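So the sequences go chain by chain: W and G.
Counting in my numbering, the first sequence runs from 291 upward without gaps.
Counting in my numbering, the second sequence runs from 76 upward without gaps.
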Amino acid sequence: MPSEPPAPAPLLSARGLHKSFGDNHVLRGVDLDIAPGTVHALIGPSGSGKTTVLRSLNGLESPDAGSLRIADLELDFARPLGRRERAALHRASAMVFQQHHLFPHLTVLGNVTVGPIRVQGRPKAEATADALALLERVGLREKADAYPSSLSGGQQQRVGIVRALALQPSMLLFDEPTSSLDPELVGEVLAVMTELAGEGWTMAVVTHELRFAREVADEVSFFDEGVVVERGAPERVFGDPRHERTKRFLRRLQGPFA
Amino acid sequence: MDWQLVLDSIGPVALGGLTGTIPLTLASFSLGLVIAIGMALARISGIAWLSGLARAYISIIRGTPMLVQLFVIFYGMPQIGITLDPWPSAIIALSLNVGGYAAEIIRAAILSIPRGQWEAAAMIGMSRGQALGRIVLPQAARVSVPPLSNTFISLVKDTSLASVILVTELLRVAQRIAAPSGEFLTIYLVAAAVYWVICLVLAAGQDRLERKLDRYAV
Ligand SMILES: Nc1ncnc2c1ncn2[C@@H]1O[C@H](COP(=O)(O)OP(=O)(O)OP(=O)(O)O)[C@@H](O)[C@H]1O
Ligand SMILES: [Mg+2]
């Protein structure tokens, strides 16, 4: 993936996303712009709507209102998405889940190739070769025939990343990809993500890893109670937060240990 | 015990198992599984009338004796112009029965697959049908192997009910040998032993299948 020169038009642009679960108004007008080839970190307290936004960017959640553009796909959430629109959205972005959600009955290779072969209709030989090359890059080539249950948490999450990459999406979505890992396994996953960022992948990352956000992200959005309270370059948001709620959140997160 | 009689009868009785009980079990189980998958999907379809229909079917099958179901089909249906031979009658009754019991097993198995599996399938672009066929059902199948094996073994024994509508299976063969000889105890013990051996073999098979499927246990 060659890194593209900074383009004026964002690759992803969401406007006015609203979502309620019953009486719970979870998203209250979220705007989000992500330039191609950049990493956008979504941070904020628990329940602020980060996961809901990310899932909306993959069609796993349907906002009640708002609009979304990814690459050349344009969607208006005012009416329910059609089957084709949803399929196009699944195609445009690919998600790495917090709990990886690998398919336990398929081998590592099967997990990675089932989408390209069965959904996208790519030739099996080609999809397999691509999958093996991707596994090689994350150091899991020799695990191709293993089942997910025999892998460590960090390996499972790296397979989750390869599964997303193999779909050849326009951008990658990560929902706290390291927060269910043992601390000693976090590094190997963040290393892969850092490498992908370096290759020019466009990424939206919900994370509590402030160090990762600071070092890898190009931009940070701070969420609170369903809105983006503050956004900017990580040095700015972390170094000089303008909003009281951002300050409070960072103080709490960095706390006495920072 | 008349050991000569045991030796003489064990061959025909076992043959009755081979040509009656086992084909009847296999046919009814396969058909029953198809019915069960359909009913399980109807139950979780979210379509009110469809799941209501499936629920009623399951309730009736599980709430009435199989012998009565068999009688309704074999003796009752001819009155409305549907006359079936013993074999088809038995296969229909037994598979409807398996359908009712296995539907609940399969439904529970499908519901036991975590939501994240459906979501990951959607994320890679699968339709609901594809997600069901390629991701959820294979995992549900693994979960339902133990309870379905039990259903299968029960079915082997339930096929003996077909003897009352004159299907030539294991028990019917035993009856035909026992009646003229008057040696009921010996012959029926032979029949019981043959059933037992069949079930032992099946239980061993179940064990192996489960261990094989365990390689990807979560
Ligand atoms: N499917 C759902 N049904 C009902 N409520 C939901 C659902 N998904 C999310 N919510 C609610 O929406 C709110 C926002 O949830 P969300 O998961 O987006 O927060 P988050 O910022 O990702 O939090 P965390 O940091 O804990 O992951 C929460 O109050 C949550 O309970
Ligand atoms: Mg979340």
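Think of the CB as a built atom: it goes at the ideal place given N, C-alpha and C, for glycine as much as any other residue.
Note that this is a predicted model, so its numbers are computed, not measured.
Is residue 330 of chain W buried or exposed, if buried means 16 or more other CB atoms sit within 10 Å of its CB? So residue 330 of chain W counts as buried.
Along chain G, in chain order, which residues have C-beta atoms closer than 9 Å to that of residue 381 of chain W? Per Cβ cutoff of 9 Å: 200.
Whole runs of the alpha helix (DSSP H) within the stretch 340-388 of chain W, excluding any shorter than 4 residues: If one requires a minimum length of 4 residues, the alpha helix (DSSP H) runs lying completely within the stretch 340-388 of chain W are 340-346, 373-382, in chain order.
Return yes when at least one heavy atom of ligand 2 lies under 6 Å from the C-beta of residue 497 of chain W, else no. It does not: the Cβ of residue 497 of chain W is nowhere closer than 6 Å to a heavy atom of ligand 2.
Residues that residue 478 of chain W bridges to, as DSSP identifies them: Answer by DSSP bridge pairing: none, since residue 478 of chain W is not bridged.
Rounded to a whole number of angstroms, what is the C-alpha to C-alpha distance between residue 263 of chain G and residue 253 of chain G? Each residue's Cα considered, the two are about 8 Å apart.
Cross-strand partners of residue 550 of chain W (DSSP beta bridge): What is shown of chain W runs 291 to 548, which leaves residue 550 of chain W out entirely.
Does the CB of residue 393 of chain W have a neighbour CB from chain G at under 7 Å? So yes, residue 393 of chain W belongs to the interface.
Indicate whether at least one CB of chain G lies closer than 7 Å to the CB of residue 425 of chain W. When Cβ-Cβ separations below 7 Å define contact, residue 425 of chain W makes no contact with chain G.
Taking just the CA atoms, how far does residue 366 of chain W sit from residue 120 of chain G? Approximately 28 Å between the Cα atoms of the pair.
Does ligand 2 have even one heavy atom less than 6 Å from the beta-carbon of residue 340 of chain W? It does: the Cβ of residue 340 of chain W is within 6 Å (strictly closer) of some heavy atom of ligand 2.
Using the Cβ count rule (16 or more neighbours within 10 Å means buried), how would you classify residue 178 of chain G? With 16 or more other CB atoms across the displayed protein chains lying within 10 angstroms of its CB, residue 178 of chain G is buried.
Considering only DSSP beta bridges, list what residue 307 of chain W is partnered with. DSSP lists W:320 as partners of residue 307 of chain W.
Residue 329 of chain W - partner residues in DSSP beta bridges: For residue 329 of chain W, the beta-bridge partners assigned by DSSP are W:493.
What residue range is occupied by the uninterrupted beta strand (DSSP E) comprising residue 409 of chain W? That residue, residue 409 of chain W, is in no beta strand (DSSP E); it is neither H nor E in DSSP.
Return the residues of the stretch 174-203 of chain G that lie within a Cβ-Cβ distance of less than 7 Å from chain W, sorted by chain order. Taking 7 Å as the Cβ-Cβ cut-off against chain W, the residues of the stretch 174-203 of chain G that qualify are 191, 192, 194, 195, 197, 198, 199, 200, 201.
Can you give me the Cβ contacts of residue 258 of chain G inside the same chain, cut-off strictly under 7 Å, excluding the 5 residues immediately before and after it? Taken in chain order, the residues that qualify are 77, 80.
Could you tell me the boundaries of the alpha helix (DSSP H) in which residue 113 of chain G lies? Run containing residue 113 of chain G: 97-118, per the alpha helix (DSSP H) assignment.
Pull up the distance between the alpha-carbon of residue 470 of chain W and that of residue 218 of chain G, whole angstroms please. Near 25 Å, if we compare the C-alpha coordinates of residue 218 of chain G and residue 470 of chain W.
Which first and last residues belong to the alpha helix (DSSP H) in which residue 217 of chain G is found? Its alpha helix (DSSP H) spans residues 212-233.
So for residue 470 of chain W, helix, strand or coil by DSSP? Residue 470 of chain W carries a coil assignment under DSSP once its states are collapsed to helix, strand and coil.
DSSP three-state label for residue 21 of chain G, please. The displayed coordinates of chain G run from 76 to 293. Any statement about residue 21 of chain G would go beyond what the structure contains.
With 16 other Cβ atoms within 10 Å as the buried cut-off, status of residue 84 of chain G: Buried: at least 16 other Cβ atoms inside 10 Å.
Where does residue 283 of chain G fall in DSSP's three states? Residue state, collapsed to three classes: helix.
Rounded to whole angstroms, what is the Cα-Cα separation between residue 235 of chain G and residue 96 of chain G? Cα-Cα distance, rounded: 7 Å.
Pairwise C-alpha distance: residue 509 of chain W and residue 346 of chain W: Going by the C-alpha atoms only, they are around 20 Å apart.
First and last residue of the uninterrupted beta strand (DSSP E) at residue 510 of chain W: First-last of the beta strand (DSSP E) with residue 510 of chain W: 509-514.
Step through the CB atoms of chain G and report whether any lies within less than 7 Å of the CB of residue 348 of chain W. With 7 Å as the cut-off, residue 348 of chain W counts as an interface residue toward chain G.
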